[in-house]
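Participant:
Rendered as structure tokens:
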């Protein structure tokens with residue numbers, strides 16, 4: 008059957024289309040997260056809010072840690088490969104010219120550090136794509152990385168430097184410190200005290216090696232006469 012055989016009844020008209028058009032949805036709300044991990048509701052927008060960023064500050068790192076090293080270190084726990092902006096200080100461009108040719112060859116081969124290259128300050132900003140990854144990144148606070156205890160804290164980076172925002176970040180970090188203290192008091196401290204008690208009990212049960220045992224005395228050595236004409240007796 009062709010479209011011409013259907014007649015005018017089967018053809019859609021403007022009134023039918025308007026009746027079946029879905030009504031406009033009311034203003035919806037969505038939960039968004041600030042850089043510090045806190046959530047709040049706001050009106051949903053058609054386009055994604057590109058201004059939302061999830062950033063932590065990592066400090067007290069070893070100076071030889073690269074951005075790739077830090078990103079790989081956090082990726083497994085956080086579930087994504089974060090973006091890392093390593094803070095550096097400018098190198099001296101003229102320092103390379105003052106070096107000998109042998110030193111320059113070593114730098115070219117990667118055996119020596121280039122003095123003209125930027126030098127790491129031992130800290131970085133790490134950005135994630137969601138709040139869940141950011142919360143997992145905070146677990147690295149006071150953990151050992153490359154032989155140093157690093158600091159991982161929330162930052163106001165990317166969201167302005169207003170006093171209100173700084174106070175908000177400060178309050179959030181204070182809450183995190185409280186949670187860490189609770190974990191320490193509940194798990195770490197009891198184990199440390201139990202270990203200390205065991206060490207004390209072992210030291211009390213162990214014999215005191217500082218005092219000599221008077222029950223066994225060394226055998227007396229025979230006495231010999233002294234002098235030029237000494238004769239051994241017995």
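In this note's numbering, the protein residues as written are 8 to 241.
Ideal Cβ positions, reconstructed from N, Cα and C, are used throughout, including at glycine.
Spatial neighbours of residue 159 within its chain, please: C-beta separation below 7 Å, excluding the five flanking residues on both sides.
Facilitator: Within the chain shown, the letter at position 152 stands for residue 159. Within the same chain, residue 159 has close Cβ partners 63, 65, 144, 145, 147, 148.
Participant: So residue 128 is in the beta strand (DSSP E); what residue range does that whole segment cover?
Facilitator: In the chain shown, residue 128 corresponds to position 121, counting from 1. From DSSP, the beta strand (DSSP E) with residue 128 extends over 126–135.
Participant: Assuming contact is defined by CB atoms lying nearer than 8 Å, are residue 95 and residue 127 in contact in what I supplied?
Facilitator: Indexing the chain shown from 1 puts residue 95 at position 88. Indexing the chain shown from 1 puts residue 127 at position 120. Cβ distance < 8 Å, so residue 95 and residue 127 count as in contact.
Participant: Could you round the C-beta distance between residue 194 and residue 136 to whole angstroms and report it? I think they count as a contact, below 8 Å.
Facilitator: In the chain shown, the residue the question calls residue 194 occupies position 187. In the chain shown, the residue the question calls residue 136 occupies position 129. About 31 Å; that fails the 8 Å criterion.
Participant: Please identify the residue among 138, 101, 208 whose C-alpha is closest to the C-alpha of residue 59.
Facilitator: One-based indexing of the chain shown puts residue 59 at position 52. Nearest C-alpha to residue 59: 138.
Participant: Would you list, in sequence order, the uninterrupted alpha helix (DSSP H) runs of no fewer than 4 residues that lie entirely inside the segment 73–148?
Facilitator: For the segment 73–148, the full-length alpha helix (DSSP H) segments reaching 4 residues or more read 74–85, 108–115, 138–144 along the chain.
Participant: Determine the direct distance from the alpha carbon of residue 212 to that of residue 206, and round the result to whole angstroms.
Facilitator: Residue 206 sits at position 199 when you count from the first residue of the chain shown. Residue 212 sits at position 205 when you count from the first residue of the chain shown. Approximately 10 Å between the Cα atoms of the pair.
Participant: Within 10 angstroms of the Cβ of residue 125, are there 16 or more other Cβ atoms? Answer buried if so, exposed if not.
Facilitator: Translated into positions along the chain shown, residue 125 becomes position 118. Under this definition residue 125 is an exposed residue.
Participant: Would you call the CB atoms of residue 103 and residue 111 closer than 8 Å?
Facilitator: Translated into positions along the chain shown, residue 103 becomes position 96. Translated into positions along the chain shown, residue 111 becomes position 104. Cβ atoms of residue 103 and residue 111: closer than 8 Å.
Participant: For the alpha helix (DSSP H) containing residue 211, list its first residue and its last residue.
Facilitator: Within the chain shown, the letter at position 204 stands for residue 211. 196–212 is the extent of the alpha helix (DSSP H) around residue 211.
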